[in-house]
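What follows is a single structure, written as structure tokens, with notes after it.
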Amino acid sequence: RKEVEQDPGPFNVPEGATVAFNCTYSNSASQSFFWYRQDCRKEPKLLMSVYSSGNEDGRFTAQLNRASQYISLLIRDSKLSDSATYLCVVNEDRPGRRALTFGSGTRLQVQP
Amino acid sequence: DGGITQSPKYLFRKEGQNVTLSCEQNLNHDAMYWYRQDPGQGLRLIYYSQIVNDFQKGDIAEGYSVSREKKESFPLTVTSAQKNPTAFYLCASSIGLNAHTEAFFGQGTRLTVV
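Protein chains in written order, with this note's numbering: chain U, 1 to 112; chain S, 113 to 226.
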């Protein structure tokens, strides 16, 4: 089982749509969680951190469910510029390993 | 401006040659990482370092080597033992390996074996 799993997509949605991505992680000792955005052939950039209480940044909302070990990202009112790959990232803390672990990413394509 | 600089952006290597990818940061970060990304794939951890003169293997360390002689620098050598080195290599840094510390990435190096 992968440590961080995401649906690869692609998710093809029209402009203005609401879209949600989920990510599951296997290590219950994981301490912190992030969503990164990666444009084609570019480096990943931090979109938002994910806090236990959930957090919102404009059109983006992130939620964490520790009991079920999943993280979600909700994008409202999708824009063409939201088209990218969204990476779920977990800061693991287990014997012999303390590092950020990335999911394979979910590709979003917003259509005009 | 503070940031992470990777060089070169594109690199071509002949089979059987070693090559070193540069990564420098001026963010005063303790932790640094090297990831590899193949087309359509996620990032896989090669090596990481929590502090100067210390580094740990990641998930795919075979065929790679690193050094961390200075806080600012974490070069990656792709050796001839790496069977399939053509990939996009990303260097990152973070304040430390404590919880709640996000990573910042360089622009990456695209390595092609010819």
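Just so you know, even glycine gets a beta-carbon here, dropped at the ideal spot from N, CA and C.
Cβ separation of residue i and residue j, assumed to be a contact under 8 Å, to the nearest whole Å
{"i": "residue 81 (chain U)", "j": "residue 21 (chain U)", "result": "That belief does not hold up - the Cβ atoms of residue 81 (chain U) and residue 21 (chain U) are roughly 17 Å apart, past 8 Å."}
{"i": "residue 199 (chain S)", "j": "residue 149 (chain S)", "result": "6 Å"}
{"i": "residue 170 (chain S)", "j": "residue 159 (chain S)", "result": "6 Å"}
{"i": "residue 221 (chain S)", "j": "residue 133 (chain S)", "result": "5 Å"}
{"i": "residue 8 (chain U)", "j": "residue 107 (chain U)", "result": "7 Å"}
{"i": "residue 89 (chain U)", "j": "residue 30 (chain U)", "result": "Contact flag wrong, Cβ pair sits at about 10 Å."}
Closest residue to residue i among the options (Cα-Cα distance)
{"i": "residue 76 (chain S)", "options": "S:173, S:167, S:151 and S:189", "result": "Outside the shown range of chain S, which is 113 to 226, sits residue 76 (chain S), and nothing can be said about it."}
{"i": "residue 36 (chain U)", "options": "U:48, U:28 and U:9", "result": "U:48"}
{"i": "residue 3 (chain U)", "options": "S:120, S:137, S:133 and S:154", "result": "S:154"}
{"i": "residue 12 (chain U)", "options": "U:66, U:79 and U:91", "result": "U:79"}
{"i": "residue 204 (chain S)", "options": "S:194, S:192 and S:213", "result": "S:213"}
{"i": "residue 28 (chain U)", "options": "U:51, U:43 and U:67", "result": "U:67"}
{"i": "residue 202 (chain S)", "options": "U:43, U:51 and U:5", "result": "U:43"}
Distance, residue j Cα to residue i Cα
{"i": "residue 146 (chain S)", "j": "residue 182 (chain S)", "result": "16 Å"}
{"i": "residue 41 (chain U)", "j": "residue 188 (chain S)", "result": "20 Å"}
{"i": "residue 224 (chain S)", "j": "residue 124 (chain S)", "result": "5 Å"}
{"i": "residue 122 (chain S)", "j": "residue 131 (chain S)", "result": "12 Å"}
{"i": "residue 59 (chain U)", "j": "residue 135 (chain S)", "result": "34 Å"}
{"i": "residue 141 (chain S)", "j": "residue 215 (chain S)", "result": "10 Å"}
{"i": "residue 162 (chain U)", "j": "residue 32 (chain U)", "result": "For residue 162 (chain U) there is no data in the structure shown, the boundaries of chain U being 1 and 112."}
{"i": "residue 17 (chain U)", "j": "residue 74 (chain U)", "result": "11 Å"}
{"i": "residue 151 (chain S)", "j": "residue 127 (chain S)", "result": "20 Å"}
{"i": "residue 109 (chain U)", "j": "residue 165 (chain S)", "result": "43 Å"}
{"i": "residue 53 (chain U)", "j": "residue 19 (chain U)", "result": "20 Å"}
{"i": "residue 162 (chain S)", "j": "residue 177 (chain S)", "result": "16 Å"}
{"i": "residue 191 (chain S)", "j": "residue 172 (chain S)", "result": "13 Å"}
{"i": "residue 116 (chain S)", "j": "residue 83 (chain U)", "result": "25 Å"}
{"i": "residue 56 (chain U)", "j": "residue 76 (chain U)", "result": "11 Å"}
{"i": "residue 101 (chain U)", "j": "residue 65 (chain U)", "result": "18 Å"}
{"i": "residue 208 (chain S)", "j": "residue 217 (chain S)", "result": "14 Å"}
{"i": "residue 119 (chain S)", "j": "residue 184 (chain S)", "result": "14 Å"}
{"i": "residue 69 (chain U)", "j": "residue 85 (chain U)", "result": "21 Å"}
{"i": "residue 112 (chain U)", "j": "residue 39 (chain U)", "result": "18 Å"}
{"i": "residue 99 (chain U)", "j": "residue 226 (chain S)", "result": "32 Å"}
- prompt: Which residues, in chain order, does the segment 124-150 of chain S contribute to contact with chain U at a C-beta distance below 7 Å?
  reply: From the segment 124-150 of chain S, only 145 have a Cβ closer than 7 Å to chain U.
Positions along the segment 46-58 of chain U whose CB lies within less than 8 Å of some CB in chain S: 46 and 49
message: Please list, in chain order, the residues of the segment 171-195 of chain S that have any C-beta partner in chain U closer than 8 Å.
response: Residues passing the 8 Å Cβ filter: none.
- request: For the segment 13-35 of chain U, enumerate the residues whose C-beta is nearer than 8 Å to any C-beta of chain S, in chain order.
  value: 31, 32 and 34
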